[in-house]
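Q: Provided herewith is a single structure, encoded as structure tokens, for subsequent inquiry.
Residue numbers (my numbering): 2 to 222.
This is how it looks when you write it as structure tokens:
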């Protein structure tokens, strides 16, 4: 049976509208399905950029280690040995006066820096042991000597005690400034005069960086 012409046109319009609606729905679904992928890609790019910036701002372990290769290794300046030093003694009293005050000087005769610390061990003549060190003169700091530099100590030969004896020789050692089990070697010190008196009141100062600091407490005694 043939369909009337007016009804046929109405049917075609309805079918076209239905087909367009289906196509639009399919396009919308396809667009929605693509959006998460775009978001993920943007997120990955942002994450990669952030990681790159963090790596650049953080110093590499290799660079840090390299910076410590130069400069001081932290071992410090070694203690002087008696072999590093030349030693001299000077009379600090006026002409015609009894020799009581003596300036002791050590000079770094080596080719490297070294420290003297503590007090020298000075034996005057036939004394049974080194003259005691005056604790009040201890600065608590070592004296660093570059080649040619000097350190000083003062010695008081007589302190008003009884039983003086004549000193015709004297020796100087560095003792055990680093806590060694045995004191280091001693050397003969050139005498400032042929002889001078000493008694049990004798003492020496700790090492000082200047002649004045070494002799001031001695000359005031």
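Every residue, glycine too, gets a C-beta built ideally from N, C-alpha and C.
Nearest to residue 132 by CA position, among 109, 150, 172, is which residue?
A: For this step, residue 132 is matched to residue 131 along the chain shown. Here the closest residue by C-alpha is 172.
Q: With residue 107 as the anchor, note down where its beta strand (DSSP E) starts and where it stops.
A: Sequence index remark: in the chain shown, residue 107 carries index 106 (1-based). Run containing residue 107: 102-109, per the beta strand (DSSP E) assignment.
Q: With a 10 Å radius around its C-beta and 16 neighbouring C-beta atoms as the bar for buried, classify residue 166 as buried or exposed.
A: For this step, residue 166 is matched to residue 165 along the chain shown. By the neighbour-count rule (16 or more Cβ atoms within 10 Å), residue 166 is not buried but exposed.
Q: Work out the CA separation of residue 144 and residue 175 for me, nearest whole Å.
A: As a first step, residue 175 is located in the chain shown; it is residue number 174 there, counting from the start. As a first step, residue 144 is located in the chain shown; it is residue number 143 there, counting from the start. Taking the straight line from one Cα to the other gives about 13 Å.
Q: Pull up the DSSP beta-bridge partners for residue 153, would you.
A: Position 152 of the chain shown, counting from 1, holds the residue named residue 153. Note: residue 153 sits in a beta bridge opposite 106, 209.
Q: Okay, do the stretch 77-97 and the stretch 201-211 touch, 3+ Cβ pairs below 8 Å being the bar?
A: Judged by Cβ distances under 8 Å, the stretch 77-97 makes no contact with the stretch 201-211, as fewer than three pairs qualify.
Q: Please report the distance separating the alpha-carbon of residue 170 from that of residue 186.
A: In the chain shown, residue 170 corresponds to position 169, counting from 1. In the chain shown, residue 186 corresponds to position 185, counting from 1. Answer to the nearest angstrom: the Cα atoms are 16 Å apart.
Q: Are the beta-carbon atoms belonging to residue 87 and residue 110 less than 7 Å from one another?
A: As a working note, residue 87 is residue 86 in the chain shown. As a working note, residue 110 is residue 109 in the chain shown. Contact flag set, yes.
Q: Under DSSP, the beta strand (DSSP E) around residue 124 begins and ends at which residues?
A: Residue numbering aside, residue 124 sits at position 123 when the chain shown is read from its first letter. Per DSSP, residue 124 belongs to the beta strand (DSSP E) from 122-125.
Q: Give the range of the beta strand (DSSP E) segment to which residue 91 is assigned.
A: For this step, residue 91 is matched to residue 90 along the chain shown. Here the beta strand (DSSP E) through residue 91 covers 86-92.
Q: What is the DSSP secondary structure of residue 216, reduced to helix, strand or coil?
A: One-based indexing of the chain shown puts residue 216 at position 215. In the structure shown, residue 216 sits in a helix (DSSP, three-state: H, G or I).
Q: In its own chain, which residues sit with a C-beta less than 7 Å from the C-beta of residue 115, not counting the 5 before and 5 after it?
A: In the chain shown, counting from the first residue as 1, residue 115 sits at position 114. Excluding sequence neighbours, residue 115 sits near 78, 79, 80, 81, 85, 109, 146.
Q: For a test of the three-state rule: what should DSSP assign to residue 98, helix, strand or coil?
A: As a first step, residue 98 is located in the chain shown; it is residue number 97 there, counting from the start. Three-state DSSP puts residue 98 in coil, outside helix and strand.
Q: Cβ of residue 199 within 7 Å of Cβ of residue 159?
A: As a first step, residue 199 must be located in the chain shown, where it is residue number 198. As a first step, residue 159 must be located in the chain shown, where it is residue number 158. A contact, by the Cβ cut-off of 7 Å.
Q: Output yes or no for whether 7 Å exceeds the beta carbon distance between residue 106 and residue 151.
A: Looking up residue 106 in the chain shown gives position 105. Looking up residue 151 in the chain shown gives position 150. Contact: yes.
Q: How about residue 215 and residue 149: are their beta carbons less than 7 Å apart?
A: As a first step, residue 215 is located in the chain shown; it is residue number 214 there, counting from the start. As a first step, residue 149 is located in the chain shown; it is residue number 148 there, counting from the start. In this structure, residue 149 does not lie closer than 7 Å to residue 215 by Cβ.
Q: Which residues mark the beginning and the end of the beta strand (DSSP E) in which residue 199 is found?
A: Position 198 of the chain shown, counted from the first residue, corresponds to residue 199. Run containing residue 199: 197-199, per the beta strand (DSSP E) assignment.
Q: Does residue 168 pass the burial test, meaning 16 or more other C-beta atoms within 10 Å, or should it be called exposed?
A: In the chain shown, residue 168 corresponds to position 167, counting from 1. Buried.
Q: Buried or exposed: which applies to residue 136, given that a residue is buried once 16 or more other Cβ atoms fall within 10 Å of its Cβ?
A: On the chain shown, position 135 is the one that residue 136 refers to. Classification for residue 136: exposed.
Q: Could you name the residues of the same chain whose beta carbon sits closer than 7 Å to that of residue 127, not counting the 5 residues immediately before and after it, in chain order?
A: Residue numbering aside, residue 127 sits at position 126 when the chain shown is read from its first letter. Cβ within range, chain order: 166.
Q: Cα separation between residue 102 and residue 163?
A: Residue 102 sits at position 101 when you count from the first residue of the chain shown. Residue 163 sits at position 162 when you count from the first residue of the chain shown. One C-alpha to the other measures close to 18 Å.
Q: Under the rule that 16 or more other beta-carbon atoms within 10 Å means buried, what is residue 205, buried or exposed?
A: If you number the chain shown from 1, residue 205 lands on position 204. Classification of residue 205: buried, given that the 10 Å Cβ count is 16 or more.
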